[in-house]
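With the sequence shown counted from 1, adding 2 to any position gets you this note's numbering. For reference, the structure discussed in these notes is given below.
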Amino acid sequence: MTMPVIMVHGGAWTIPEKLVEASRAGTHAAARAGYAVLMRGGSAIDSVHAAILVLEDDPSFDAGTGSVLTRNGEVEMDSVIMDGKTLASGAVACVQNMKNPIELARAVMEKTPHILLVGKGANQFADEVGIKRVATESLVSEEARRELECYQANYGSAVQELFCQRGSHHDTVGAVALDADGNLAYATSTGGISCKRPGRVGDSPIIGAGGYADNEVGAVSCTGHGESISKVVLAHQIVSDMRNGKAPQEAADKALAKMAARVNGYGGVIVLSNSGEPVTSFTTERMSWAWIKDGVLHSGINPDEEITEDVKSCNLNGCN
Ligand code: GLY
Numbered sequence: 003m004t005m006p007v008i009m010v011h012g013g014a015w016t017i018p019e020k021l022v023e024a025s026r027a028g029t030h031a032a033a034r035a036g037y038a039v040l041m042r043g044g045s046a047i048d049s050v051h052a053a054i055l056v057l058e059d060d061p062s063f064d065a066g067t068g069s070v071l072t073r074n075g076e077v078e079m080d081s082v083i084m085d086g087k088t089l090a091s092g093a094v095a096c097v098q099n100m101k102n103p104i105e106l107a108r109a110v111m112e113k114t115p116h117i118l119l120v121g122k123g124a125n126q127f128a129d130e131v132g133i134k135r136v137a138t139e140s141l142v143s144e145e146a147r148r149e150l151e152c153y154q155a156n157y158g159s160a161v162q163e164l165f166c167q168r169g170s171h172h173d174t175v176g177a178v179a180l181d182a183d184g185n186l187a188y189a190t191s192t193g194g195i196s197c198k199r200p201g202r203v204g205d206s207p208i209i210g211a212g213g214y215a216d217n218e219v220g221a222v223s224c225t226g227h228g229e230s231i232s233k234v235v236l237a238h239q240i241v242s243d244m245r246n247g248k249a250p251q252e253a254a255d256k257a258l259a260k261m262a263a264r265v266n267g268y269g270g271v272i273v274l275s276n277s278g279e280p281v282t283s284f285t286t287e288r289m290s291w292a293w294i295k296d297g298v299l300h301s302g303i304n305p306d307e308e309i310t311e312d313v314k315s316c317n318l319n320g321c322n
């Protein structure tokens with residue numbers, strides 16, 4: 003029997019002081035939700051799904067409620083889930099009026115022969131599987147609105163270019179898990195980048211770019227500048243290096259360094275090997291992350307920070 007592990011991230015970038023405590027609390031809650039699933043014998047897929055639901059519902063993060071806005075002030079979200087045992091995956095891109103896009107991504111994986119549905123077709127599929135639409139307004143946070151106004155005020159200037167490359171507050175949520183049967187999974191969800199063109203799709207729903215899970219090696223979920231992550235196929239780069247014998251930390255650091263050097267792109271990753279070794283790496287100012295293994299929660303947000311606390315008990319409602 004394998005020792006279960008859950009890892010989550012609440013996104014890279016600057017994470018302003020006013021969001022630091024909420025980011026910590028949100029990643030802790032998500033890790034506990036994912037760990038509770040594993041502790042009652044649940045699968046890695048169910049664990050990452052449970053963790054992402056918590057992060058999507060938390061307005062501090064750029065996913066589900068709290069998603070950043072397109073230049074038209076709309077919410078367009080991307081989400082993905084992948085099973086490392088079968089390599090089955092499901093994703094949606096540019097979906098609107100969804101409280102939890104991860105539900106739809108999972109339905110794509112389990113109820114269609116496809117791996118990615120976009121835009122209107124994805125929303126139609128949501129109607130077919132009974133996922134209710136919500137008003138855009140219910141997904142929009144004060145922070146997302148303020149950020150869009152900031153982008154629009156600087157649109158076309160060097161400042162806007164800098165924001166687009168380096169981001170300004172938060173980006174994307176993700177989770178990777180290893181269950182007691184030795185199965186891996188990953189899931190990622192995002193509102194993308196502020197002031198994006200309507201129809202823009204980032205790295206997150208593209209397997210290999212924004213994430214990957216393969217029981218033979220490990221699982222990865224990425225956060226950061228989606229165009230840069232896609233150019234270097236960040237997640238698959240890390241998994242390939244691990245497959246070829248590189249240690250997870252070295253593989254993660256190297257891939258992010260390559261992204262900075264080759265395309266001036268920044269971001270972060272959570273990586274979990276199939277032997278249960280969890281590592282984090284980021285080249286942005288901050289990245290909020292948390293993982294639980296053997297009843298101990300580890301978390302951080304600033305470079306070189308790691309806080310630990312015991313997870314005392316788990317029941318059907320979660321872990322304390
Ligand atoms: N990393 C999320 C995005 O660029 O869409």
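We put the beta carbon where it would ideally sit given N, CA and C, even for glycine. In this text, all values refer to a predicted model and were calculated from it rather than measured experimentally.
- Task: For the beta strand (DSSP E) holding Val10, just list the boundary residues, first then last.
- Result: In the sequence shown, counting from the first residue as 1, residue 10 sits at position 8. From DSSP, the beta strand (DSSP E) with Val10 extends over Val7 to Trp15.
| query | According to DSSP, is Val70 helix, strand or coil? | reply | Taking the sequence shown and counting its residues from 1, the one referred to as residue 70 is at position 68. When secondary structure is reduced to three states using DSSP, Val70 falls in the coil class, being assigned neither helix nor strand.
- Task: Could you give the DSSP three-state label for Gly302: helix, strand or coil?
- Result: The residue given as residue 302 occupies position 300 in the sequence shown. In this structure, Gly302 counts as strand in the three-state DSSP scheme.
Would you list, in sequence order, the uninterrupted alpha helix (DSSP H) runs of no fewer than 4 residues that lie entirely inside the stretch 223 to 258? Within the stretch 223 to 258, the complete alpha helix (DSSP H) segments of 4 residues or longer fall at 228 to 233 and 236 to 245, listed in chain order.
Check your understanding: What runs of the beta strand (DSSP E), each 3 residues or longer, lie entirely inside the stretch 52 to 102?
Key -> Listed in chain order, the complete beta strand (DSSP E) runs (minimum 3 residues) inside the stretch 52 to 102 are 79 to 85 and 91 to 97.
### Query
Start and end of the alpha helix (DSSP H) containing Glu23?
One-based indexing of the sequence shown puts residue 23 at position 21. That run of the alpha helix (DSSP H) goes Glu19 to Met41.
request  = Note the first and the last residue of the continuous beta strand (DSSP E) segment covering Leu141.
outcome  = In the sequence shown, residue 141 corresponds to position 139, counting from 1. Looking at the DSSP string, Leu141 is not in any beta strand (DSSP E), and its letter there is neither H nor E.
May I have the straight-line CA-CA distance separating Val219 from Ser232, to the nearest angstrom?
Stepping through the sequence shown from its first residue, residue 219 is reached at position 217. Stepping through the sequence shown from its first residue, residue 232 is reached at position 230. Distance between the alpha carbons of Val219 and Ser232 is about 21 Å.
Query raised in the report: When the Cβ atoms of the stretch 257 to 277 are set against those of the stretch 221 to 241, are three or more pairs found closer than 8 Å?
Result: Note that the stretch 257 to 277 touches the stretch 221 to 241; at least 3 beta-carbon pairs, one per stretch, sit closer than 8 Å.
Would you tell me roughly how many angstroms separate the C-alpha atoms of Gly184 and Ala90, rounded to the nearest one?
-> Mapped onto the sequence shown, residue 184 falls at position 182. Mapped onto the sequence shown, residue 90 falls at position 88. Rounded to the nearest angstrom, the two C-alpha atoms are 16 Å apart.
Is any heavy atom of the ligand GDP found at a distance shorter than 6 Å from the C-beta of Asn276? With respect to the ligand GDP, the structure offers nothing, as its ligand set consists of the ligand GLY.
What do you reckon, are the CB atoms on Val313 and Ile294 nearer than 7 Å? Translated into the one-based positions of the sequence shown, residue 313 becomes position 311. Translated into the one-based positions of the sequence shown, residue 294 becomes position 292. A contact, by the Cβ cut-off of 7 Å.
Between Thr174 and the ligand GLY, is there a pair consisting of the residue's CB and a ligand heavy atom that are separated by less than 6 Å? Here the question's residue 174 lines up with position 172 in the sequence shown. It does: the Cβ of Thr174 is within 6 Å (strictly closer) of some heavy atom of the ligand GLY.
- Query: Would you say the stretch 205 to 213 touches the stretch 32 to 48, given that touching needs at least three Cβ pairs under 8 Å?
  - Reply: No, the stretch 205 to 213 is not in contact with the stretch 32 to 48.
Round the Cβ separation of His11 and Ser290 to the nearest angstrom and send it over; I've been treating them as touching at under 8 Å. Sequence index remark: in the sequence shown, residue 11 carries index 9 (1-based). Sequence index remark: in the sequence shown, residue 290 carries index 288 (1-based). His11 to Ser290, Cβ: 6 Å. Contact.
Taking three-plus beta-carbon pairs below 8 Å as touching, is the stretch 65 to 75 in contact with the stretch 20 to 38?
-> In short, these stretches do not touch, since the Cβ pair count stays below three.
### Query
Does the distance from the CB of Asp64 to the CB of Asp173 come in under 7 Å?
The residue given as residue 64 occupies position 62 in the sequence shown. The residue given as residue 173 occupies position 171 in the sequence shown. Going by C-beta atoms, Asp64 is nearer than 7 Å to Asp173.
Check your understanding: Roughly how many whole angstroms lie between the Cα atoms of Ile196 and Ala146?
Key -> Within the sequence shown, the letter at position 194 stands for residue 196. Within the sequence shown, the letter at position 144 stands for residue 146. Correcting the residue type first, residue 196 is Ser in the shown sequence and not Ile. If I take the Cα positions, the gap works out to 8 Å.
* To do: Could you give the DSSP three-state label for Ile104: helix, strand or coil?
  => Residue 104 sits at position 102 when you count from the first residue of the sequence shown. Correct three-state label for Ile104: helix.
* To do: With a 10 Å radius around its C-beta and 16 neighbouring C-beta atoms as the bar for buried, classify Ser140 as buried or exposed.
  => If you number the sequence shown from 1, residue 140 lands on position 138. Ser140 should be labelled exposed.
* Provide the residue(s) that pair with Leu274 in DSSP beta bridges, ordered along the chain. => Counting from one through the sequence shown, the residue named residue 274 turns up at place 272. Per the DSSP secondary-structure output, Leu274 pairs in a beta bridge with Ala221 and Pro280.
| If you follow the alpha helix (DSSP H) that Lys295 is part of, which residue opens it and which one closes it? | Start at 1 with the first residue of the sequence shown, and residue 295 comes out as number 293. No alpha helix (DSSP H) contains Lys295, which is instead part of the beta strand (DSSP E) from Arg288 to Lys295.
*Any chance the CB of Asp205 is under 6 Å from a heavy atom of the ligand GLY?*
Translated into positions along the sequence shown, residue 205 becomes position 203. With a cut-off of 6 Å, the C-beta of Asp205 is classified as near the ligand GLY, since at least one heavy atom of the ligand falls inside that distance.
Discussion item. With H, G and I counted as helix, E and B as strand and the rest as coil, what does DSSP make of Ile195?
Written reply: Mapped onto the sequence shown, residue 195 falls at position 193. Ile195 carries a coil assignment under DSSP once its states are collapsed to helix, strand and coil.
- Query: Per DSSP, Thr190 forms a beta bridge with which residues?
  - Reply: For the purposes of this step, residue 190 is taken as the residue at position 188 of the sequence shown. The partner list for Thr190 (beta bridge, DSSP) reads Val82 and Gly176.
Reference Glu311, options Ala292, Pro200, Ser69 and Ile208, closest by Cα: By 1-based counting over the sequence shown, the position of residue 311 is 309. Residue Ala292 is the option with its Cα nearest to Glu311.
On the CB-based measure, 16 or more other CB atoms within 10 Å of its CB, does His238 come out buried or exposed?
One-based indexing of the sequence shown puts residue 238 at position 236. Its Cβ being crowded by 16 or more others within 10 Å, His238 is buried.
(message) Less than 7 Å between C-beta atoms, sequence neighbours within five positions excluded: which residues of the same chain meet that for Ser69?
(response) Numbered from its first residue, the sequence shown carries residue 69 at position 67. Within the same chain, Cβ atoms closer than 7 Å to the Cβ of Ser69 are found at Val77, Met79, Leu141, Ala146 and Gly193, the five residues on either side in sequence being excluded.
Practice item. Would you tell me roughly how many angstroms separate the C-alpha atoms of Ala95 and Glu151, rounded to the nearest one? Key: Position 93 of the sequence shown holds residue 95. Position 149 of the sequence shown holds residue 151. So the two alpha carbons sit approximately 24 Å from each other.
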